[in-house]
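Enquirer:
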Amino acid sequence: MNENIRIEEVGDINSDYPYLEVFLNDELSPFLEISIDDKELSFKIYSVKKDIILNYEGWKYIYEAANEFLPRALKNEDDYLNQLGNR
Numbered sequence: 000m001n002e003n004i005r006i007e008e009v010g011d012i013n014s015d016y017p018y019l020e021v022f023l024n025d026e027l028s029p030f031l032e033i034s035i036d037d038k039e040l041s042f043k044i045y046s047v048k049k050d051i052i053l054n055y056e057g058w059k060y061i062y063e064a065a066n067e068f069l070p071r072a073l074k075n076e077d078d079y080l081n082q083l084g085n086r
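FYI, numbering that gives the first Met the number 0 numbers position 79 of the sequence shown as 78, with every residue one higher than the one before it.
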């Protein structure tokens, strides 16, 4: 885990899939959102007041978290839809 980066999973009733918000240090606002669009990862970079500087390890940590998130989120949604179909 990278001690300078915090990743939080967010569920939103208006979205089929949850998404990830990525924060630097103890910031209250994320600088990056990782969501799922057409069953692929989508990255939204937010405009923030100060520069965000990440080293290779930081990018690798975010990349690995996103790649672990995608199949899990897709499976959870598929399982939910299958359960609804079986009622």
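Just so it is clear, CB atoms sit at the ideal spot from N, CA and C, and this is done for glycine as well. If you're wondering where the values come from, they're calculated on a predicted model, not measured in any experiment.
Assuming LYS59 is part of the alpha helix (DSSP H), what are its boundary residues?
Expert: Stepping through the sequence shown from its first residue, residue 59 is reached at position 60. Segment 55 to 84, the alpha helix (DSSP H) holding LYS59.
Enquirer: Which same chain residues, not among the five before or five after ILE6, have their C-beta less than 6 Å away from its C-beta?
Expert: Indexing the sequence shown from 1 puts residue 6 at position 7. Within the same chain, ILE6 has close Cβ partners LEU19, VAL21 and ALA64.
Enquirer: Return the CA-CA distance between ASN49 and LEU40, expressed in angstroms with no decimal places.
Expert: Stepping through the sequence shown from its first residue, residue 49 is reached at position 50. Stepping through the sequence shown from its first residue, residue 40 is reached at position 41. The question names Asn, yet the displayed sequence has Lys at residue 49. The straight-line gap from Cα to Cα measures roughly 25 Å.
Enquirer: Taking all protein chains shown into account, do 16 or more other C-beta atoms lie within 10 angstroms of the C-beta of SER14, making it buried, or fewer, making it exposed?
Expert: Residue 14 sits at position 15 when you count from the first residue of the sequence shown. Classification of SER14: exposed, given that the 10 Å Cβ count is below 16.
Enquirer: Is any heavy atom of the ligand NAD found at a distance shorter than 8 Å from the C-beta of LEU40?
Expert: The ligand NAD is absent from the structure shown, which contains no ligand whatsoever.
Enquirer: Thinking just about the alpha-carbon of each residue, which of LEU23, ILE35 and GLU2 is nearest to the one in GLU67?
Expert: As a first step, residue 67 is located in the sequence shown; it is residue number 68 there, counting from the start. The shortest C-alpha separation from GLU67 is found at ILE35.
Enquirer: What whole-angstrom Cβ distance do GLU76 and TYR16 have, given they're in contact under 8 Å?
Expert: Reading the sequence shown from its first residue, position 77 is the one you call residue 76. Reading the sequence shown from its first residue, position 17 is the one you call residue 16. Indeed they touch by this definition, with Cβ atoms about 6 Å apart.
Enquirer: If you draw a straight line from the alpha carbon of GLY84 to that of PRO70, how long is it in whole angstroms?
Expert: Within the sequence shown, residue 84 is the residue found at index 85, counting from 1. Within the sequence shown, residue 70 is the residue found at index 71, counting from 1. Using only the alpha carbons, I get a separation of about 21 Å.
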